[in-house]
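Contents: one structure, followed by commentary.
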Amino acid sequence: MSLVAFQTALADLVASPTMCLAVRDKPDHALADYDLDARERRRLVAVVWQRGMSANCTVYRATRVTPLYTLLPLTVAALGEAMTAELDDYWAATARMDVHFDIEISRFAAHLRARLESGVVRTPHDPRTIADVLAIEIAGELLRLTPAGQGPKERTLELTHEPIALLGAVSTDPVDFTTVPFGRYVLIIRKNGRSLQYLLASDGR
Amino acid sequence: MPYDPGGDAPRLGVGMMYTIAADRFARSAGSLDYWAITPDMFWIDGGATSIGPRFSDLPQWVNALEWAHDRLPIVAHHIGLSIASAQALDEAYLDQMAAWCARWRYPWISDHLSFAQVEGPTGIGAAGIALPVPYDIDVLEWIADRIVATTLRTGSAFLLENPARYIDYPEQDYGEAEFINRLCEKSGGGLLLDLHNLHCNAVNHRFDELDWLEAINLDNVVEIHIAGGAMIGDIYADSHAGACPERVWDLLESVVPRARNLRGITFEFHDSYFDKMGGDAGIAVEIGRARDIWARYA
Chain C
1 MSLVAFQTAL ADLVASPTMC LAVRDKPDHA LADYDLDARE RRRLVAVVWQ
51 RGMSANCTVY RATRVTPLYT LLPLTVAALG EAMTAELDDY WAATARMDVH
101 FDIEISRFAA HLRARLESGV VRTPHDPRTI ADVLAIEIAG ELLRLTPAGQ
151 GPKERTLELT HEPIALLGAV STDPVDFTTV PFGRYVLIIR KNGRSLQYLL
201 ASDGR
Chain L
1001 MPYDPGGDAP RLGVGMMYTI AADRFARSAG SLDYWAITPD MFWIDGGATS
1051 IGPRFSDLPQ WVNALEWAHD RLPIVAHHIG LSIASAQALD EAYLDQMAAW
1101 CARWRYPWIS DHLSFAQVEG PTGIGAAGIA LPVPYDIDVL EWIADRIVAT
1151 TLRTGSAFLL ENPARYIDYP EQDYGEAEFI NRLCEKSGGG LLLDLHNLHC
1201 NAVNHRFDEL DWLEAINLDN VVEIHIAGGA MIGDIYADSH AGACPERVWD
1251 LLESVVPRAR NLRGITFEFH DSYFDKMGGD AGIAVEIGRA RDIWARYA
């Protein structure tokens, strides 16, 4: 059904200002992968020139950052100026948002974790500090978002930085991780009703 | 008997789209004639691949519904059905809609004339924004069938909301008003006339709302939405940013006396504008203005 291709192409355009520019520049090439009829192609070529397309792109990005900034604020703070590039990279890799915030932040976390491990995130900090902040934050949020009576009630994390000092450091402005002790730490996060308990099970030795 | 897409739904009056921010206002005696809710905000949808039950209640939100259920009518305004998507209907979502129709006994349910779910590399996913469909003959047939299927499954009167459109497709088979008229006629669904969406489109695409209203069949209107907006760059957006603009009030004055099947007027605002619009007192002003118009004409 051609309408499937049309809707997919339009959604891809809304998710990518870069693709909008590509359609403006070389429409046949940029839309070659979509099974569109001639009228659908003309429509897409027309809308990328309309000022409303910028508004669509803005609304899309605002919608998409909401779960990340709302549920992973410490990770966002730890990334600092690198966040913009990480968003672009994540959205390029996963064009479809998941409206389920737990799934959306899990996908972002997996993507970011892989990039931190491969050393491609452009950050002045040791990538392991950001990975630890992410690990603590995502584990807590996923526990909190799990409906009562379903899923695990506890997560155990192995960290390379002392978690209390780490969370203190990432809450300062500007973020400064230089005094955070390095070592092997085990943190247990436990769901207790609607609140979370953080228990340090190993102290870095 | 004159045509009435609202069926046996009662005339309700003036309501508000429920938000946690306005919970105190919504529960105060006499403040509202009904609640409108977005059911998707009241449950967690684990998605098609969830291991346990796909849908689970969010207790804080559902507690509010249980409070309202004994006191006020509740109508449902969905955002997860994506009635205009090109894929097959989400059967599990339809089942959930039907279960909540039975549970809360909505007088009617509604969705937007737009698509928000699209195909991606790993299956169906969210577009991240509600996007308009082209107003073509084949699209009309497609959506009408889906409305009929939804109506049969849920057993509820179904309304479709005219969208805020920031883009405009060339070479469409119908204008928007004619498309909506034909769609209502073919599907048996009614119209949720969003006057702020109409105002947004008029500002952004430079037409007169009154011309559009002359072309639309107002007999299809069962519910009206009113809201405020804000500029995003040089586009006027349906951001539900507080009080309604005067133009929306003018349009409401114009439409209510002529919409003979109208059952309710719903004020919408986004949680984040609660303080900016003056909290409970600010909401009361908007509800009061709408009630004045309802009392004079409806």
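Those protein sequence lines, which keep their order, are chains C and L. Quick note: the first sequence, position 33, residue 33 per this note's numbering, numbers continuous. Take the position in the second sequence, starting the count at 1, then add 1000; the result is the number in this note's numbering. Beta carbons are placed, not taken as given, at the ideal position from N, Cα and C, and that holds for glycine.
Closer than 9 Å at the beta carbon, the chain L residues around residue i
i, result
"C:S54", "Y1166, I1232, G1233, D1234, I1235"
"C:V14", "A1127, G1128, I1129, L1131"
Buried versus exposed call for residue i [16 or more other C-beta atoms within 10 Å across all chains shown]
i, result
"L:R1165", "buried"
"L:E1161", "buried"
"L:Y1003", "exposed"
"C:E117", "exposed"
"L:S1378", "Absent from the model: residue 1378 of chain L. The displayed extent of chain L is 1001 to 1298, so no value can be given."
"L:M1231", "exposed"
"L:N1063", "exposed"
"L:I1051", "exposed"
"C:S171", "exposed"
"L:I1137", "exposed"
"L:G1030", "exposed"
"L:S1114", "buried"
"L:V1299", "The structure shown does not extend to residue 1299 of chain L, since chain L is modelled only from 1001 to 1298, so the question has no answer here."
"C:H29", "exposed"
"C:A114", "exposed"
"L:N1261", "buried"
"L:P1005", "buried"
"L:G1175", "exposed"
"C:G151", "exposed"
"L:F1042", "buried"
"C:S202", "exposed"
"L:Q1117", "buried"
Whole-Å CB distance - residue i paired with residue j, under 8 Å assumed
i, j, result
"L:R1247", "L:H1199", "6 Å"
"L:I1287", "L:I1224", "The Cβ separation is near 13 Å, so there is no contact."
"C:Y69", "C:A15", "Wrong, their Cβ atoms sit about 18 Å apart, outside the cutoff."
"L:R1054", "L:A1092", "6 Å"
"L:I1167", "L:P1132", "7 Å"
"C:E158", "C:G183", "That belief does not hold up - the Cβ atoms of C:E158 and C:G183 are roughly 11 Å apart, past 8 Å."
"L:H1078", "L:M1097", "7 Å"
"L:V1222", "L:G1190", "4 Å"
Assigned secondary structure, residue i (DSSP; H/G/I helix, E/B strand, else coil)
i, result
"L:A1120", "Note that residue 1120 of chain L is Gly in the sequence shown, not Ala. L:G1120 falls in the strand class under three-state DSSP."
"L:H1069", "helix"
"C:Q150", "coil"
"L:E1141", "helix"
"C:Y185", "strand"
"L:E1133", "Residue identity differs from the one stated: residue 1133 of chain L is Val in this sequence, not Glu. Coil."
"L:H1225", "strand"
"L:F1158", "strand"
"C:N192", "strand"
"C:G168", "helix"
"L:S1028", "coil"
"L:S1085", "coil"
"L:I1167", "coil"
"L:H1205", "helix"
Chain C residues whose Cβ lies nearer than 7 Å to that of residue i
i, result
"L:D1045", "H100"
"L:G1120", "A95, R96"
"L:P1134", "R43"
"L:V1139", "L3"
"L:G1052", "Q150"
Proximal residues of chain L, C-beta to C-beta of residue i below 8 Å
i, result
"C:V23", "Under the 8 Å cutoff, chain L gives no residues; its nearest Cβ is about 13 Å from C:V23."
"C:T8", "V1118, E1119, G1120"
"C:I103", "G1047"
Element boundaries [beta strand (DSSP E), containing residue i]
i, result
"L:R1011", "No beta strand (DSSP E) holds L:R1011; DSSP gives it neither H nor E."
"C:L10", "Premise fails: C:L10 lies in the alpha helix (DSSP H), 2–15, not in any beta strand (DSSP E)."
"L:Y1056", "Note that residue 1056 of chain L corresponds to Ser in the displayed sequence, not to Tyr. Run containing L:S1056: 1055–1057, per the beta strand (DSSP E) assignment."
"L:S1187", "Element bounds for L:S1187: not the beta strand (DSSP E) but the alpha helix (DSSP H), 1176–1187."
"L:G1264", "1264–1267"
"L:H1078", "Element bounds for L:H1078: n/a, residue is neither H nor E."
"L:A1022", "Note, L:A1022: premise wrong, no beta strand (DSSP E); not H, not E."
"L:A1237", "1235–1237"
"L:D1111", "1108–1112"
"L:A1259", "Looking at the DSSP string, L:A1259 is not in any beta strand (DSSP E), and its letter there is neither H nor E."
Cross-chain neighbours of residue i in chain C, by beta carbon under 8 Å
i, result
"L:I1224", "Within chain C, no residue comes near L:I1224; the closest Cβ sits about 24 Å away, beyond 8 Å."
"L:S1085", "Q7"
First through last residue of the alpha helix (DSSP H) which encompasses residue i
i, result
"C:G289", "Chain C is shown only over 1 to 205; residue 289 of chain C falls outside these bounds and no answer can be derived."
"C:D102", "101–118"
"C:L134", "127–145"
"C:L87", "82–93"
"L:A1215", "1209–1215"
"L:S1254", "1246–1255"
"L:I1290", "The question names Ile, yet the displayed sequence has Ala at residue 1290 of chain L. Run containing L:A1290: 1279–1297, per the alpha helix (DSSP H) assignment."
"L:G1190", "Run containing L:G1190: none in the alpha helix (DSSP H); it sits in the beta strand (DSSP E), 1190–1194."
"L:M1097", "1091–1104"
"C:D28", "27–30"
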